[in-house]
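Sequential numbering of the sequence shown, starting at 59, is according to the working numbering. Here a beta-carbon is modelled for each residue, glycine too, at the ideal position from N, C-alpha and C. The structure displayed is predicted, hence computed values, not measured ones. Report on the structure given below.
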Amino acid sequence: MGHAQRVAVIGLGEVGRVMVEDLRGTGDVDCAAWDVAFADEMSTASRNARDLGLPPASSAPAAVAGADLVICAVTAARSVEAARAASVGIAPGAWFVDVNSSSPGHKQQSAESIDRAGGRYVEAGLMSPIEPHRIASSFLLGGPHAAEFAADADRWGFSRVRVVSDRVGRAAATKLCRSVVVKGLEALFTESLLAARQYGVERDVLASLSNILPDADWEQIAAYFVARSVQHGVRRAEEMEEAATTVRDVGVEPWMAGATVHRQRWAAAHGNLLPGEPDLVALIDAFQLAPADREIA
């Protein structure tokens with residue numbers, strides 16, 4: 059890369075941490091980070107900063123000041139707020155890569171803030187879990203600066219990017235319409251198997267799926283889907299609220315997306331029950347030992 063490159067990461071959760079670790083591995087990179095959760099010393103973001111030996115910046119503008127590349131990896135609900143905060147300090151010509159799971163409309167609002175301040179906004183839809191491929195995961199890029207960033211992306215470690223549009227919103231629409239399916243499957247498996255376990259028919263239900271779907275280890279697949287919902291339900295619920303907005307914005311009533319929000323939020327409220335590396339039955343039984351279902355607002 060030549061001289062040291064300065065990178066700022068806004069949002070130091072699971073994705074943000076991976077970004078810092080992998081960007082440091084590309085060469086001479088100086089990283090800074092900001093997260094609203096830094097105010098809590100026991101938060102995941104604060105723990106990640108300590109583990110990475112990364113002094114927390116005092117604010118978003120301070121973190122992005124002088125950065126060549128800014129990666130925004132906050133929760134979906136805070137994406138527009140984060141972009142506005144970063145726009146105060148972003149350097150002219152700096153890349154702002156928005157990997158948040160926010161709606162096309164919210165991506166467009168973020169782009170307006172960054173581009174107005176002189177930065178170069180790129181929407182990036184992460185199309186898989188961040189592990190195992192990490193920064194080399196599949197990203198869909200969009201916006202007027204997307205092609206230029208794609209030509210430069212490999213040196214940062216983004217080796218699997220694809221430009222889908224020169225307009226902001228298409229990548230987000232692809233990501234979130236896909237999320238209706240993927241996060242919806244998590245919610246469907248959770249709800250179906252909670253009931254099936256009570257009747258003692260959970261394995262019969264899973265075995266029957268091979269009658270209409272390709273043969274697979276459905277118990278393993280179900281355990282993965284349910285565990286992901288428990289581990290990341292808060293973030294998934296926010297993402298599905300953005301998915302519901304995305305669906306509603308084109309005149310489709312988001313009944314399925316809305317229901318998924320509730321089930322994901324319910325699963326997140328039981329996250330403390332996750333029994334290590336659970337098999338499916340242990341995971342469902344842990345749910346059954348929890349207090350009775352209650353409405354999660």
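DSSP state of residue i mapped onto helix, strand, coil
i    : result
R352 : Note on R352: pLDDT 49, under 50, position unreliable in the model; the coordinate value appears next. Looking at R352 - three-state DSSP - the assignment turns out to be coil, as it is neither helix nor strand.
S161 : coil
L271 : coil
V284 : helix
I279 : helix
M59  : Confidence in M59 is poor, its pLDDT being 48 and thus under 50, which makes the residue's placement too unreliable to answer from.
I148 : coil
Residues that DSSP places opposite residue i in a beta bridge
i    : result
A66  : A90, V128
W153 : L127, R178
Close Cβ partners of residue i (< 6 Å) along its chain, the five nearest in sequence each way excluded
i    : result
E260 : L251, A254
A66  : A90, A121, V122, A125, V128
R75  : N106
E99  : none
Cβ shell of residue i (< 7 Å), same chain only, five flanking positions each side left out
i    : result
S186 : S195, S196
A204 : V180, V221, D224
V219 : F197, L199, A208, A211
L70  : A91, D93, A103, N106, A107
M77  : V67, I129, A131, I193
Q166 : V226, G227
Contacting residues, own chain, Cβ-Cβ under 8 Å from residue i (five flanking each side not counted)
i    : result
T84  : M59, R213, W214, G215
V146 : A118, P119, A175
S268 : A274, W276
Below-8 Å beta-carbon distance, residue i vs any chain C residue
i   : result
Q63 : Of the chains in the structure shown, none is chain C; there is only one protein chain.
Inter-stretch contact (C-beta, 8 Å, three-pair minimum) for the stretch 233-246 and the stretch 296-303: yes
Please give the ranges of any beta strand (DSSP E) in the stretch 176-264, keeping only runs that are unbroken, at least 3 residues long and fully inside the region. 178-184, 197-200, 219-223
Length at least 3, wholly inside the stretch 68-139: the beta strand (DSSP E) runs in chain order: Secondary structure within the stretch 68-139: the beta strand (DSSP E) runs of 3 or more consecutive residues, fully enclosed, are 87-92, 127-130 (chain order).
As an exercise, report each continuous alpha helix (DSSP H) stretch of at least 4 residues that is fully enclosed by the stretch 289-340, in chain order. 313-326
Touching or not, the stretch 305-315 and the stretch 280-294, by the rule of three or more beta carbon pairs under 8 Å? At 8 Å Cβ cutoff, the stretches do not touch.
Cβ pair count under 8 Å reaching 3, the stretch 148-160 against the stretch 100-110: No: the two stretches stay apart, fewer than three of their Cβ pairs being nearer than 8 Å.
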